[in-house]
Amino acid sequence: MKFVRQKLIGLSLIAITVFPACLNQQEGAQTGLIEPPPEVSGLSGTADSTTQITLNWTSGGETTDKFRASYQSGSSAPADCASGTTISEGTLGASTSVAVGSLSGSVWSFRVCSINANPTPDVSDGSTVTTYLLPPNVTSLTAGSPSVTQISLSWTSGGGSTSGYRIAYQSGSSAPADCSAPQVSEGSITGTSHTIGSLTAGNQYSFRVCAINPNGDIASGTTVSGSVYLDANWTARRKLTFDNSTVSENLTNVPVLVTLNSGRIDYANVQNAGEDLRFVDADGTQLDYQIEEWNESGTSYVWVEVPQIDSSSSSDYIWMYYGNSGAVDAQNQAGVWGNNYQGVWHMEDTTPNDSLGTNNGTGNGSISSTTGKFSNGLSFSGALLTDYVSVADDSSLNISSNATVELWFRLGTTFNSSSTTSRNLISKYSDNGTLMFMALTGTDYGRGESPDGALVFKVENSNNRIFKWTSQTTWSAGTWYYVAATLNASANQSSVIYVNGADTTAGSDVLEGSDGNDLNFSANWGFGGQAVDSGNFSDLSGVSGPTASQRFFDGLMDEVRVSQVARSSNWIKAQNLSMTDAYITYGSEETP
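Using the working numbering, read the sequence shown as starting at 629 and increasing by one per residue.
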């Protein structure tokens, strides 16, 4: 296309032909010449993490074909999109978003330029934005210096883009999910510590401390829990932390043994009988406890029921409070043993009381009180037909479901496969077809399945029989053993014998009839003696009649328990850890 313009110059008419390079934008496109692209709008930067920022923008449209970006550390953007670190149009294309990673430090500035499709592309001056990386989380967060109403928090800054902190908290063991609704805002915090007040006495609180940057971006935060004091009248406390790391089960309402000495409690700061002793869960709940022995000159033993100790945890804890001269005794021994225990005998004297208050024992013969595994225990001489503890028949001990029997014993002489006289530990005997016993069996025991020297557990009732024995056949003199046997009334084969917290069941002979096999029959219980299994024990020399099959224990016995559930292997393991002083770490004394 051409244009002709005529012009009179002097007396001559001159014709001028013009060939324009571009008549309009459409024709310019046909010749490869496009107007420069407009700038992007709405450029923003969002901190994704401590190392990444995402840019977003809106295209200016028109002749924009692609985008190019550049960036550098600091508050000033590169002079153009060819300076600093660049992201080429080949990478960005027509996208209006890009995540820029591998960043460090605090603040970064970006420039985004539009590019058109000319053979030699036009690049706009670009739009810029400056933004901060997400601040790192704080470290070394602690909750300390508690009083009855306040806790002091302290932490270490993560640096980076941090310009302040927020604190969110709530009662209980779980902190708020984030710091979006903090109780303490960044304007109220100076430095890397803050004291939280107006808390409820005795309660546990969980805190989240979040760093914030100048943009207002908030880190996910770091959490910690702490407990305020039970009461200002208690002047000292210690944290008792459980090592449940080898136990793969949440234990609920579990009794634990707290073993105290002068290194674990200041006896001078406790009343003479421990009246001011208190145990408090992490959430502030006061716990049931029973003092078996309080000995300010030596070792004290206290049983405490803990609501829950988490599976595989080494951080669950309770508090032990003391140092209140005006406090009165608050023991609740029945509450300690409320989780399906039917009888608990600490064997403290020759008429051992049941901690549940129902089934007290009666000593027979020449049994005597002596130093036991925990505080006192009972000594049995093995005297024929005399030395044992009897517990009268009671409906609470006629258990029509699963059951567990457990106790500690120590022998005066080693018992093994050569021992000629069996030793009865615990039994319930009605007749030869209705019985329960756990005994060390010698060569006088007539059942051929179990090896001599083994610990045997047998229950026979209603045409059913469970007969289990241990792999262990040697029991050393002077060594304390913790033994427990579980009865699964509906699946006898799954019944187990534990020794020192480990399953040592080696074999079994199970006969299951039409009825359940359980302890739901009327008979006295015996610890250390009574008839056991008249059909299989050879008659004692010089003894005739039903008593000829009785066997008696020679040694020390302590902590006898009967439960109406089959305790799990994890429960038994935890009990063994607790009763061997391998379960609790005792913290240092704290004062309000």
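Ideal Cβ positions, reconstructed from N, Cα and C, are used throughout, including at glycine.
The structure displayed is predicted, hence computed values, not measured ones.
G849 is a Cβ neighbour of V837, given a cutoff of 7 Å. It is roughly 14 Å from the alpha-carbon of F1037 to the alpha-carbon of T1102.
For P664, the closest alpha carbon among the candidates G721, I743, T674, S704 is that of I743. Distance from A1105 to T1041 at the Cβ level is roughly 5 Å; contact confirmed, criterion being Cβ atoms closer than 8 Å. With contact defined as three or more Cβ pairs closer than 8 Å, the segment 884-899 and the segment 922-937 are in contact. With a cut-off of 8 Å on Cβ pairs, the segment 1026-1033 is in contact with the segment 1189-1209, counting three or more such pairs.
In this structure, the CA atom of K867 is about 19 Å from the CA atom of T828.
Nearest to V852 by C-alpha distance, out of M1185, D982, Q918, S780, is S780.
Excluding its 5 nearest sequence neighbours in each direction, N1204 has C-beta neighbours in its own chain below 7 Å: Y1110, N1128, G1129, listed in chain order. In the pairwise beta carbon analysis, the segment 676-689 is classified as touching the segment 745-764: at least three pairs are separated by under 8 Å. If you check the CB distance, T790 and P763 come in under 7 Å.
When the Cα atoms are used, A839 and V884 turn out to be separated by approximately 40 Å.
Counting the other CB atoms within 10 Å of its CB gives E1077 a total below 16, which places it among the exposed residues.
Straight-line spacing of the CA atoms in F835 and N1198 works out to 32 Å.
Contact between F1002 and D1186 holds: their C-beta atoms lie close to 6 Å from each other, under 8 Å. Nearest Cα to S703 within the set P842, S821, I817: P842. For the segment 884-924, the continuous beta strand (DSSP E) assignments of 3+ residues that do not extend past its boundaries occur at 906-909, 917-921, in sequence order. Two segments are said to touch when three or more pairs of C-beta atoms, one from each, lie closer than 8 Å; by this definition the segment 731-740 touches the segment 701-721. In this structure, F1181 lies away from R1075, with their beta-carbon atoms at least 7 Å apart. Secondary structure at W862: coil, using DSSP grouped into helix, strand and coil. As a beta-bridge residue in DSSP terms, R696 pairs with C741. Counting C-beta atoms within 10 angstroms of its own C-beta, V1087 has 16 or more neighbours from the protein chains shown and is therefore classed as buried. Nearest in C-alpha terms to D1146, of all of T1107, S1090, K1096, R1189, is S1090.
When only Cα atoms are considered, D1021 and A1151 end up about 5 Å apart.
Unbroken beta strand (DSSP E) runs of no fewer than 3 residues, entirely contained in the segment 934-971, are found at 945-950, following chain order. Between the alpha carbons of T1107 and S1023 lies a distance of about 35 Å. Two segments are said to touch when three or more pairs of C-beta atoms, one from each, lie closer than 8 Å; by this definition the segment 929-938 does not touch the segment 984-998.
Here G1010 has F1180, F1181, D1182 as same chain residues with Cβ atoms under 7 Å from its own Cβ, once five neighbours each way along the sequence are excluded. By the 16-neighbour rule on beta-carbons within 10 angstroms, E903 is buried.
Here the C-alpha atom of S1122 lies approximately 6 Å from the C-alpha atom of N1116. Secondary structure note for W1103: it is in no beta strand (DSSP E), with a DSSP letter that is neither H nor E.
Beta-bridge analysis with DSSP links T998 to G1005. Beta-bridge partners assigned by DSSP to C838: R794. When the five nearest sequence neighbours on each side are left out, the beta carbons in the same chain lying within less than 7 Å of the beta carbon of T724 are those of N684, W685, T686, S687, in order along the chain.
Between G1154 and K1056, the alpha-carbon positions lie close to 6 Å from each other. Closest in C-alpha terms to A1119, from the list I1094, Y945, S813, S873, comes I1094.
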